[in-house]
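Colleague:
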Amino acid sequence: MRWDKPPLWPVALPSIAGFALACSPLRSYKIEALSFISTSDGQDSLITPLIFAVLLTSSLYFSPSNLGDRKDLILGAIVALILGVLPQAIFFPWMILVVLFWISQSLYLWRYDFPPFRIGLWIGLGASSGLFLGGFFAHYFL
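Residue numbers (this note's numbering): -18 to 123.
(1) Around the Cβ of ALA70, are there at least 16 other Cβ atoms within 10 angstroms (buried) or fewer (exposed)?
(2) Can you name the start and end residues of the alpha helix (DSSP H) that PRO74 belongs to?
(3) Would you call the CB atoms of TRP103 and PRO(-9) closer than 8 angstroms?
(4) I believe PHE118 touches CYS4 by the beta-carbon criterion, under 8 angstroms. Please report the beta-carbon distance rounded to the nearest angstrom.
(5) Could you tell me the boundaries of the alpha helix (DSSP H) in which ASP53 lies?
(6) Which residues mark the beginning and the end of the alpha helix (DSSP H) in which THR29 is found?
(7) Would you mind working out which of GLY116, LEU37, ALA(-2) and LEU27 sits nearest LEU54, comparing C-alpha positions?
(8) Just verifying my parser: in three-state terms, what is the DSSP assignment at PRO6?
(9) Rounded to whole angstroms, how far is the Cβ of ALA58 from the Cβ of LEU78, which I believe are closer than 8 angstroms?
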């Protein structure tokens, strides 16, 4: 898909949704089945907001039909969310790399013709960036 001018929804909506999920009370909710990858009691985690963000990718099914195969778009967003958030547990500066890569993609991706999976990666990295920035904001300001 190639756009004539920079689109707003693939940049703003995923990052705002990720930010809102990370700032929501979901960050303090613990899922017992995922306790082996969650934080200790009393600390907030991005695991539950990440799961809800993955579930929200199904809303990409209602995206404009000219983007191509919607299943590839959704799959790309899920892959980007998982690969954008989970390495943070091992490599702490991962958040900075994800946000910078997403910003660089946002500057030029709309100019070229990319397949739906690549556009889904862009959308998923935007949601990952929103989760990181929302988690940072919620930790220090809420």
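All C-beta atoms, glycine included, are put in the ideal place defined by N, C-alpha and C.
Modeller: If we stick to the structure as given:
(1) For the purposes of this step, residue 70 is taken as the residue at position 89 of the sequence shown. Classified as exposed, ALA70 has fewer than 16 neighbouring CB atoms from the shown chains inside 10 Å of its CB.
(2) The residue labelled residue 74 in the question sits at position 93 within the sequence shown. Per DSSP, PRO74 belongs to no alpha helix (DSSP H) and is neither H nor E.
(3) The sequence position of residue 103 within the sequence shown is 122, counting from 1. The sequence position of residue -9 within the sequence shown is 10, counting from 1. For TRP103 and PRO(-9), yes; Cβs fall inside 8 angstroms.
(4) Locating residue 118 in the sequence shown gives position 137, counting from the first residue. Locating residue 4 in the sequence shown gives position 23, counting from the first residue. Right, the Cβ-Cβ distance comes to about 6 angstroms (below 8 angstroms), so this counts as a contact.
(5) Residue mapping note: residue 53 aligns to position 72 of the sequence shown, counting from 1. Looking at the DSSP string, the run of the alpha helix (DSSP H) that includes ASP53 is 51 to 66.
(6) Indexing the sequence shown from 1 puts residue 29 at position 48. DSSP places THR29 inside the alpha helix (DSSP H), whose first and last residues are 28 to 37.
(7) To locate residue 54, count along the sequence shown from 1; it is residue 73. Comparing Cα-Cα distances from LEU54 to each of GLY116, LEU37, ALA(-2) and LEU27, the minimum goes to LEU37.
(8) The residue you call residue 6 lines up with position 25 of the sequence shown. Three-state DSSP puts PRO6 in a helix.
(9) In the sequence shown, counting from the first residue as 1, residue 58 sits at position 77. In the sequence shown, counting from the first residue as 1, residue 78 sits at position 97. Separation of the CB atoms of ALA58 and LEU78 is rounded to 18 angstroms, and the pair is thereby denied contact status at 8 angstroms.
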